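Chemist: Chains as they are written, first to last, in numbering that gives the first Met the number 0: chain A, 0 to 443; chain B, 0 to 148. My questions all concern the structure below.
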Amino acid sequence: MRRSLLLIGTLAMALSACGNDPTPLQYGPKPDLPEPQRGLLPEMVISRPANWGNEQPTVPQGYRIAAIATDLKIPRQTLVLPNGDILIAEGSGGGAPALRPKDLIANYIKGLGKSVVKGGNRLTLLRDADGDGTYEMREVFADNLNAPYGLALINGAIYVANQDALVRFPYRDGQTKASGPPTTITELPSAINHHWTKAMAASADGRFLYVGIGSNSNITERGMDAEVDRAMVWKIDAHTGAHKPYATGLRNPSALATQPGTGQLWAAVNERDEIGSNLVPDYLTSVREGDFYGWPYSYWGQTVDPRAQPQDSQKVAAAIRPDYSLGSHVAALGLSFSTPAMGARFAEGAFVGEHGSWNRKVPVGYKVVFVPFRDGRPAGDPIDFVSGFLSTDGKARGRPVGVTVDPRGALIVADDLSNTVWRVTPNSPQADLSRTGIISPVIN
Amino acid sequence: MFGAHVVVAMPGSMSRRPIHPLHAVLLAFAFPLFLGALLSDLAYWSTFEIQWANFSSWLIAGGLFATAFALLWALINLFRSRPASRRGFAVYFFALLAMWVLGFVNALVHAKDAWAVMPEGLYLSLVTALLSLVASWIGYSGFRAGDVT
Chain A
0 MRRSLLLIGT LAMALSACGN DPTPLQYGPK PDLPEPQRGL LPEMVISRPA NWGNEQPTVP
60 QGYRIAAIAT DLKIPRQTLV LPNGDILIAE GSGGGAPALR PKDLIANYIK GLGKSVVKGG
120 NRLTLLRDAD GDGTYEMREV FADNLNAPYG LALINGAIYV ANQDALVRFP YRDGQTKASG
180 PPTTITELPS AINHHWTKAM AASADGRFLY VGIGSNSNIT ERGMDAEVDR AMVWKIDAHT
240 GAHKPYATGL RNPSALATQP GTGQLWAAVN ERDEIGSNLV PDYLTSVREG DFYGWPYSYW
300 GQTVDPRAQP QDSQKVAAAI RPDYSLGSHV AALGLSFSTP AMGARFAEGA FVGEHGSWNR
360 KVPVGYKVVF VPFRDGRPAG DPIDFVSGFL STDGKARGRP VGVTVDPRGA LIVADDLSNT
420 VWRVTPNSPQ ADLSRTGIIS PVIN
Chain B
0 MFGAHVVVAM PGSMSRRPIH PLHAVLLAFA FPLFLGALLS DLAYWSTFEI QWANFSSWLI
60 AGGLFATAFA LLWALINLFR SRPASRRGFA VYFFALLAMW VLGFVNALVH AKDAWAVMPE
120 GLYLSLVTAL LSLVASWIGY SGFRAGDVT
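Here is the structure:
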């Protein structure tokens with residue numbers, strides 16, 4: 000196997016259009032967009048899994064990290080409940096049929112970088128009753144779900160975005176197990192489900208839920224018909240389930256978050272592959288009603304992608320530019336806004352979980368970054384917040400997905416390769432101004 | 000019973016012997032499948048209907064799979080042939096090899112997503128189909144009797 004991978008790698012290098020891998024400016028509002036390039040084989044470098052051993056991810060000085068749950072079944076996103084309990088969505092969706100010989104081969108190769116554990120299709124609840132940082136209680140809150148991903152707590156209920164439906168569990172503070180099967184609020188588009196994750200965020204007033212629905216292909220190779228109701232964010236009435244497209248042309252809006260204070264919806268979006276190591280930048284952007292971001296016709300505003308045919312020049316003309324590039328192929332799958340309880344350096348901004356690349360010669364992502372904000376907008380380059388998921392010999396020991404800020408001053412990171420949930424906290428407690436105004440009880 | 004095997008080789012005779020029936024079956028995949036790929040590429044070209052591109056991918060893959068064995072057979076024949084008649088076997092082998100290599104490149108081009116297949120995929124399908132016709136023509140014309148098949 001290793002030999003055949005090596006062969007594929009060598010072939011890829013021999014057949015690739017370009018030998019070097021210059022790293023252009025990839026962060027911020029105006030990333031460099033090189034010419035598209037594609038050799039006979041796409042650039043594929045799969046970081047093979049490895050164990051952590053005694054090591055842990057790296058966090059900035061003054062912070063520490065701990066694994067608060069291990070041996071999970073593909074943890075993706077987390078939700079911090081008002082009493083501090085953590086809910087973890089575990090599952091694996093998709094399973095789009097292979098349509099071409101290429102799909103069979105590519106799926107096999109990409110699978111080499113994933114966990115072999117079967118998705119749990121459940122919600123696991125963690126509790127740290129005494130506040131010592133050890134989550135000593137672990138319960139299955141609900142199971143028999145269908146690849147749950149997005150989570151939200153509003154109006155005394157827990158909303159779960161399965162890969163095919165938005166469902167609701169009643170919830171009272173301190174509950175550790177769902178009282179019964181959930182109520183379906185609305186079906187979600189799930190035919191084919193090439194990009195199956197249904198990211199979710201609630202509006203500030205709790206009336207609406209925003210759900211991200213990824214495209215059914217990389218770049219329409221399953222046909223335009225497969226893209227009806229795809230590559231968009233839905234706005235759903237949390238009570239009635241009535242829904243409408245809120246913003247479109249977002250290839251895979253795999254993380255959504257509502258900005259504290261402004262109530263503005265933000266999305267982390269995964270852009271298209273197979274036109275080079277430095278195209279197309281994944282991005283972080285504020286999303287307003289009616290926005291169109293170009294997919295499949297164009298990227299980063301109005302740069303036309305001729306692979307999508309027939310083209311639509313009116314749509315291209317309407318495409319808007321995202322706010323902030325995170326870099327091509329980083330695979331941003333988690334997004335959470337910070338609070339002052341995270342410490343002065345990381346008080347204003349957003350954490351982004353980057354699952355890591357496959358379509359790039361030099362792997363990128365495989366870390367959690369902090370995008371600093373000023374006046375409610377991104378300002379400055381991303382800062383590594385949790386890194387070291389890739390070992391020095393290029394093996395992946397973990398892959399971050401969802402990130403959630405605990406208002407008490409912690410970042411919860413779901414890792415779907417090592418099946419771990421990590422918790423990063425500042426060593427010295429910070430005044431928790433955002434929520435209760437009291438000092439965090441965790442003292443070191 | 001097998002006509003091919005009762006032909007007696009005469010010194011200086013130009014009588015020709017067909018390829019082995021199984022070799023013929025394998026070679027028979029080449030032209031129909033590569034021609035089919037060309038036609039479905041033309042259909043994709045004119046309709047943007049992605050399913051035609053998927054058909055092309057599978058037709059090319061099928062053509063490559065079957066003709067890989069024919070190619071191997073041709074190579075063995077080339078080695079086993081007598082020096083006097085080697086040229087015929089060599090022409091056949093290299094025609095088949097050229098078809099197969101271009102067909103493989105074409106398979107990689109057809110592994111690109113959506114319209115990225117075009118126009119290179121269409122051109123390669125045309126050349127591969129022509130080469131499969133040439134290789135089949137040579138192969139089915141038979142080789143000088145008395146040599147291995």
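Even glycine gets a Cβ: it sits at the ideal position worked out from N, Cα and C. Predicted model only: the values in this text are computed from it and were never measured.
Quick one: measure Cβ to Cβ for A146/A and N161/A, integer angstroms, because I've assumed they're closer than 8 Å.
Modeler: Residue mapping note: residue 146/A aligns to position 147 of the first sequence, counting from 1. Residue mapping note: residue 161/A aligns to position 162 of the first sequence, counting from 1. A146/A to N161/A, Cβ: 6 Å. Contact.
Chemist: Report yes or no: is there a C-beta of chain B within less than 9 Å of the C-beta of A16/A?
Modeler: Counted from its first residue, the first sequence places residue 16/A at position 17. With a pLDDT of 40 at A16/A, under the threshold of 50, the modelled position of this residue cannot be trusted, and the question is left open.
Chemist: Any beta-carbon of chain A closer than 9 Å to the one on I49/B?
Modeler: Walking along the second sequence from the start, residue 49/B turns up at place 50. By the rule that beta-carbons nearer than 9 Å mark a contact, I49/B touches chain A.
Chemist: Under 8 Å Cβ-Cβ, which residues of chain B neighbour G222/A?
Modeler: Taking the first sequence and counting its residues from 1, the one referred to as residue 222/A is at position 223. Going along chain B in sequence order, the residues near G222/A (Cβ under 8 Å) are E48, I49, Q50.
Chemist: Buried or exposed for S427/A, going by 16 or more other Cβ atoms inside 10 Å?
Modeler: Working through the first sequence from its first residue, we reach residue 427/A at position 428. Classification for S427/A: exposed.
Chemist: If I follow the unbroken alpha helix (DSSP H) through K101/A, where does it start and stop?
Modeler: Here residue 101/A refers to the residue found at position 102 of the first sequence. 100-110 is the span of the alpha helix (DSSP H), which, as asked, contains K101/A.
Chemist: So I495/A and F168/A are in contact, right, with Cβ under 8 Å, and what is the actual spacing, rounded?
Modeler: Given that chain A is displayed from residue 0 to residue 443, the structure contains no residue 495/A and the question cannot be resolved.
Chemist: Going residue by residue through the stretch 58-128 of chain B, where are the continuous alpha helix (DSSP H) segments of at least 4 residues, counting only ones entirely within it?
Modeler: 85-109
Chemist: To which residues does DSSP link H242/A through a beta bridge?
Modeler: Reading the first sequence from its first residue, position 243 is the one you call residue 242/A. Beta-bridge pairing links H242/A to I235/A.
Chemist: I108/A touches chain B at which residues, Cβ-Cβ below 9 Å?
Modeler: To locate residue 108/A, count along the first sequence from 1; it is residue 109. Chain B residues near I108/A: none, gap ~12 Å exceeds 9 Å.
Chemist: Extract the residue ranges of the beta strand (DSSP E) inside the stretch 186-272 of chain A, only unbroken runs of 3 or more that lie entirely within it.
Modeler: 197-201, 207-212, 231-236, 242-247, 251-257, 264-269
Chemist: Check Y54/B in the structure and name its three-state DSSP category.
Modeler: For the purposes of this step, residue 54/B is taken as the residue at position 55 of the second sequence. Looking at the sequence provided, one finds Phe at residue 54/B rather than Tyr. F54/B: helix per DSSP, three-state reduction.
Chemist: Please classify D70/A as buried or exposed, where buried requires at least 16 other C-beta atoms within 10 Å of its C-beta.
Modeler: Position 71 of the first sequence, counting from 1, holds the residue named residue 70/A. Answer is exposed; the Cβ neighbour count stays below 16.
Chemist: Among R143/B, W114/B, G120/B, G141/B, which residue has its Cα nearest to the Cα of P309/A?
Modeler: Taking the first sequence and counting its residues from 1, one reaches residue 309/A at position 310. Taking only the C-alpha atoms, the option nearest P309/A is W114/B.
Chemist: Looking at the structure shown, is Q310/A part of a helix, part of a strand, or coil, going by DSSP?
Modeler: Position 311 of the first sequence, counting from 1, holds the residue named residue 310/A. Q310/A: coil per DSSP, three-state reduction.
Chemist: Short of 7 Å in beta carbon distance, which residues of its chain neighbour D415/A, apart from the five on each side in sequence? Order them along the chain.
Modeler: Position 416 of the first sequence, counting from 1, holds the residue named residue 415/A. I73, P74, R75, S114, R398, V400, listed in sequence order.
Chemist: Take the Cβ of P30/A as the centre, count every other Cβ of all protein chains shown within 10 Å, and call the residue buried at 16 or more, exposed below.
Modeler: Here residue 30/A refers to the residue found at position 31 of the first sequence. With 16 or more other Cβ atoms within 10 Å, it is buried.
Chemist: Please list, in chain order, all residues of the same chain as A190/A whose beta carbon is under 8 Å from its beta carbon, the five residues on each side excluded.
Modeler: The residue given as residue 190/A occupies position 191 in the first sequence. A distance below 8 Å between beta-carbons, with the five flanking residues on each side excluded, links A190/A to the following residues of its chain, in chain order: N215, A225.
Chemist: Tell me which residues share the same chain as S297/A and place their Cβ nearer than 7 Å to its Cβ, disregarding the 5 neighbours each side in the sequence.
Modeler: For the purposes of this step, residue 297/A is identified with residue 298 of the first sequence, where counting begins at 1. Cβ neighbours of S297/A beyond the five flanking positions: V303, D304, V315, A318.
Chemist: In whole angstroms, what separates the C-alpha of A474/A from that of P118/B?
Modeler: The shown model of chain A, from 0 to 443, leaves out residue 474/A, and the question about it has no answer.
Chemist: Measure the alpha-carbon distance for P371/A versus Q258/A and round it to whole angstroms.
Modeler: The sequence position of residue 371/A within the first sequence is 372, counting from 1. The sequence position of residue 258/A within the first sequence is 259, counting from 1. Between P371/A and Q258/A, the alpha-carbon positions lie close to 13 Å from each other.
Chemist: If you check the beta carbons only, do G342/A and N269/A fall under 9 Å apart?
Modeler: The residue given as residue 342/A occupies position 343 in the first sequence. The residue given as residue 269/A occupies position 270 in the first sequence. For G342/A and N269/A, no; Cβs fall outside 9 Å.
Chemist: Note down, in chain order, each residue of its chain lying with its Cβ closer than 7 Å to the Cβ of F64/B, except the 5 sequence neighbours on either side.
Modeler: Looking up residue 64/B in the second sequence gives position 65. Cβ neighbours of F64/B beyond the five flanking positions: none.
Chemist: Going along the stretch 30-44 of chain A in order, which residues come within less than 7 Å of chain B, judged by CB to CB distance?
Modeler: Along the stretch 30-44 of chain A, the positions whose C-beta sits under 7 Å from a C-beta of chain B are R37, L39, L40, read in chain order.
Chemist: Taking only beta-carbon positions, decide if N426/A is within less than 9 Å of chain B.
Modeler: Translated into positions along the first sequence, residue 426/A becomes position 427. By this cut-off, N426/A is not an interface position.
Chemist: CB-CB under 8 Å to E89/A, same chain, minus the five flanking residues each way: which ones, in chain order?
Modeler: Taking the first sequence and counting its residues from 1, one reaches residue 89/A at position 90. Within the same chain, E89/A has close Cβ partners L71, K72, I73, P74, R75, G118, G119, N120, R121, L122, T123, P147.
Chemist: What residues are listed by DSSP as bridge partners for S386/A?
Modeler: Within the first sequence, the letter at position 387 stands for residue 386/A. Partner(s): T57/A.
Chemist: Anything in the stretch 81-112 of chain B with a Cβ closer than 9 Å to a Cβ of chain A? List those residues in chain order, please.
Modeler: V104, A106, L107, V108, H109, A110, K111, D112
Chemist: Does any residue of chain A have a CB that is nearer than 9 Å to the CB of W72/B?
Modeler: As a first step, residue 72/B is located in the second sequence; it is residue number 73 there, counting from the start. W72/B does not count as touching chain A.
Chemist: Which residues bound the beta strand (DSSP E) around P484/A?
Modeler: Missing from the structure shown is residue 484/A; chain A here goes from 0 to 443 and no further.
Chemist: Under 8 Å between beta-carbons, which chain A residues line up against S56/B? List them in chain order, please.
Modeler: By 1-based counting over the second sequence, the position of residue 56/B is 57. Those within 8 Å of S56/B in chain A are R99, P100, K101.
Chemist: Which residues does DSSP list as the beta-bridge partners of V404/A?
Modeler: As a position in the first sequence, residue 404/A is number 405, starting the count at 1. Partner(s): L410/A.
Chemist: Report yes or no: do the stretch 284-301 of chain A and the stretch 326-336 of chain A share at least 3 C-beta pairs separated by less than 8 Å?
Modeler: no
Chemist: Thinking just about the alpha-carbon of each residue, which of G179/A, V79/A, D228/A is nearest to the one in D172/A?
Modeler: Here residue 172/A refers to the residue found at position 173 of the first sequence. In terms of CA proximity to D172/A, V79/A leads the group G179/A, V79/A, D228/A.
Chemist: Smallest Cα separation from D383/A: which of A201/A, P56/A, L40/A, D405/A?
Modeler: For this step, residue 383/A is matched to residue 384 along the first sequence. If we check each option's Cα against that of D383/A, P56/A comes out closest.
Chemist: Spatial neighbours of F33/B within its chain, please: C-beta separation below 6 Å, excluding the five flanking residues on both sides.
Modeler: For the purposes of this step, residue 33/B is taken as residue 34 along the second sequence, with counting starting at 1. Hits under 6 Å: G62, T127, A128, S131.
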